[in-house]
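Chains as they are written, first to last, in the numbering used here: chain A, 21 to 211; chain B, 351 to 578.
Glycine included, C-beta positions come from ideal geometry on N, C-alpha and C.
For reference, the structure is listed below as structure tokens.
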Amino acid sequence: MTRIPIELRTEALEQLLVERGLVDPKVMDAYIKMYEKDVGPLNGARVVAKAWTDPEYKARLLDDGTAAVAELGFKGPQGEHLVVVENTDEVHNVVVCTLCSCYPWPLLGLPPSWYKDPAYRARVVREPRTVLAEMGLEVPADRRIEVWDSSSEARFFVLPRRPEGTEDHTEEQLVALVARDTMVGVAEVRA
Amino acid sequence: MSTVHPTPGVHDLGGAEGWGRAPVPKPDEPVFGERWEARAFALALLSMRVSGTNLDAFRHSMSRLDREDYFDDGYYGRWLHGAENLLSDSTIVAPGTVEARAARLAGESDVDEPPAPEPHRPDYTPTAGGSIRTIESPPAFKVGDRVRARRFDPPGHTRLPRYVMGHEGTVGIVEPAQVLPDSHAHFQGENAQWVYTVRFGSRELFGPDAEQFDLNIDLYESYLEATG
Chain A
21 MTRIPIELRT
31 EALEQLLVER
41 GLVDPKVMDA
51 YIKMYEKDVG
61 PLNGARVVAK
71 AWTDPEYKAR
81 LLDDGTAAVA
91 ELGFKGPQGE
101 HLVVVENTDE
111 VHNVVVCTLC
121 SCYPWPLLGL
131 PPSWYKDPAY
141 RARVVREPRT
151 VLAEMGLEVP
161 ADRRIEVWDS
171 SSEARFFVLP
181 RRPEGTEDHT
191 EEQLVALVAR
201 DTMVGVAEVR
211 A
Chain B
351 MSTVHPTPGV
361 HDLGGAEGWG
371 RAPVPKPDEP
381 VFGERWEARA
391 FALALLSMRV
401 SGTNLDAFRH
411 SMSRLDREDY
421 FDDGYYGRWL
431 HGAENLLSDS
441 TIVAPGTVEA
451 RAARLAGESD
461 VDEPPAPEPH
471 RPDYTPTAGG
481 SIRTIESPPA
491 FKVGDRVRAR
501 RFDPPGHTRL
511 PRYVMGHEGT
521 VGIVEPAQVL
531 PDSHAHFQGE
541 NAQWVYTVRF
551 GSRELFGPDA
561 EQFDLNIDLY
571 ESYLEATG
């Protein structure tokens, strides 16, 4: 039997649920818009820039991530309990979900394709240094690697290292430097 | 300690070989690569509500897909196939209905669709929103304790991956108590319990030739036993 193209399958299910009044297409549109426009890595970048410029905030963030990001208004689905891990010159943290693709939505939005890729999910818990190098990040040999597998409802978030040469940057300038992948631990922030 | 050798679930990918190189991240990738992915995302979220189920049941609905349905249509394809399982379990959509409608959409006007069945949603009400709960019992383990991940092979859902089963690690963080996915996914009670972030040495997990690193993973209290 020929496999039904997934586009068609999706359209069929939507029609079936909508015509029986079980699903409202406007609610679907609102969910989609929320994650296309409103909830994305800019939220996480704001958290990082604030932590870099406000030592007391950084201490709160590392102590109780959920409460500290709620101070900035970030909460919601997949953000019930947040654990923030700090990258330093001694340790590099990287996050995965081997069982599905759990990800801190309120701070980073929906996961990028590489995070959902079976190769990443399978291998970063077995050979993280090799996997990170394949993805373009060479972790110095003397830097310890910690991998975090998101198997409960706790979500892990990486506070990346602040790059040299940004001492005079404003918080807003720093926000612009912090890309999505640095907050999962597969890239470093570049000045 | 038992000698169960668990069967690999299709979703339980940690440590698996044969997947090739990790992809190089694309910085400007859209949130949804194609429109159907956005529709499938929203449909799956709403299907949890329509079917009267929960997030753990949704995760399990994907774990029991066959390899084609799990992998071949990508991440949001998996969500759609999982949502269909939930809707089928709660008899919202009869078997064969989606296929028949898809055939009609493809131009086959003479395809009959099964009638809409009487829904049978699970008899279950959460005790609170989300997964975190306050429980009376104190944590069985504290930071620094040595623990072993049990080996078991439940017939249904679990969040204990194969690659840590039977291995010893150290409690790194005591997390808040949470609803146990293993029973919650099957509407057999919340069984809220403490969750521990346990740190395993890579060579404990993968042998003496493994890269040197630490692996931290959240494990529910009933997944763990004290060592010694």
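By the neighbour-count criterion, in which 16 or more other beta carbons inside 10 Å mark a residue as buried, residue 211 (chain A) falls on the exposed side. For residue 168 (chain A), no alpha helix (DSSP H) segment is defined; the enclosing uninterrupted segment is the beta strand (DSSP E) at 164–169. The residue among B:556, B:480, B:545 and B:564 with its C-alpha nearest the C-alpha of residue 96 (chain A) is B:480. Within the region 427–501 of chain B, the complete alpha helix (DSSP H) segments of 4 residues or longer fall at 447–455, listed in chain order. Contacts between residue 48 (chain A) and chain B, judged by CB atoms closer than 8 Å, involve 389, 392, 393 and 396 in chain order. With the criterion set as a beta carbon lying under 8 Å from some beta carbon of chain A, the members of the region 564–576 of chain B are 564, 565, 566, 567, 568, 569 and 570, in sequence order. Taken in chain order, the complete alpha helix (DSSP H) segments of 4 or more residues contained in the region 525–573 of chain B are 531–534 and 552–556. When only Cα atoms are considered, residue 536 (chain B) and residue 192 (chain A) end up about 47 Å apart. Sequence-distant Cβ neighbours of residue 88 (chain A) in its own chain, meaning closer than 6 Å and more than five residues away, are 80 and 81. Counting C-beta atoms within 10 angstroms of its own C-beta, residue 46 (chain A) has fewer than 16 neighbours from the protein chains shown and is therefore classed as exposed. Interface annotation, residue 119 (chain A): in contact with chain B, CB-CB separation under 7 Å. Cβ-Cβ distances below 7 Å link residue 447 (chain B) to 463 and 464 in the same chain, with the five nearest sequence neighbours on each side left out; the list follows chain order.
Under a criterion of Cβ atoms nearer than 7 Å, the residues of chain B adjacent to residue 168 (chain A) are, in order, 566. Residue 533 (chain B) and residue 407 (chain B) have their C-alpha atoms roughly 10 Å apart. Cβ neighbours of residue 495 (chain B) within its own chain (closer than 8 Å, five residues either side excluded): 520, 521 and 576.
DSSP places residue 175 (chain A) outside any alpha helix (DSSP H); the residue lies instead in the beta strand (DSSP E), whose first and last residues are 174–179.
With a contact defined as Cβ atoms closer than 8 Å, residue 121 (chain A) and residue 379 (chain B) miss out at about 14 Å. For the options A:185, A:177, A:189 and A:187, the alpha carbon positioned closest to that of residue 206 (chain A) is the one of A:177. A distance below 7 Å separates the beta carbons of residue 140 (chain A) and residue 372 (chain B). If you look at residue 63 (chain A), you'll find it in the alpha helix (DSSP H) that goes 61–73.
Burial state of residue 190 (chain A) is exposed, judged by a 10 Å Cβ sphere holding fewer than 16 other Cβ atoms. Close CB contacts of residue 149 (chain A) within its chain, under the 7 Å cut and outside five residues either way in sequence, are with 159 and 165 (chain order). For the region 443–465 of chain B, the set of residues with a beta-carbon nearer than 7 Å to any beta-carbon of chain A comprises 443, 447, 448, 449, 451, 452, 455 and 456, in chain order.
For residue 520 (chain B), the secondary structure class from DSSP, reduced to helix, strand or coil, is strand. Looking at the backbone, the Cα of residue 58 (chain A) and that of residue 454 (chain B) are separated by about 36 Å. Residue contact with chain A for residue 430 (chain B): present (Cβ-Cβ distance below 7 Å to some residue of chain A). Under a criterion of Cβ atoms nearer than 7 Å, the residues of chain B adjacent to residue 136 (chain A) are, in order, 425. Put simply, the CB of residue 361 (chain B) is near chain A, with a gap under 7 Å to one of its CB atoms. Along the region 368–388 of chain B, the positions whose C-beta sits under 9 Å from a C-beta of chain A are 368, 369, 370, 371, 372, 373, 374, 375, 376, 377, 379, 380, 381, 382, 383, 384, 385, 386, 387 and 388, read in chain order. Excluding its 5 nearest sequence neighbours in each direction, residue 22 (chain A) has no C-beta neighbour in its own chain below 6 Å.
Between residue 517 (chain B) and residue 571 (chain B), the gap from beta carbon to beta carbon reaches 7 Å or more.
The DSSP-derived three-state label of residue 101 (chain A) is strand.
With respect to the C-alpha of residue 389 (chain B), the residue from A:27, A:65, A:85 and A:115 having the closest C-alpha is A:27. Listed along chain B are 372, 373, 374 and 375, each with a C-beta nearer than 8 Å to that of residue 155 (chain A). Under the criterion of beta carbons closer than 8 Å, residue 128 (chain A) and residue 61 (chain A) qualify as touching, at roughly 5 Å.
Membership of residue 514 (chain B) in any beta strand (DSSP E) is not indicated, and neither H nor E is assigned to it by DSSP.
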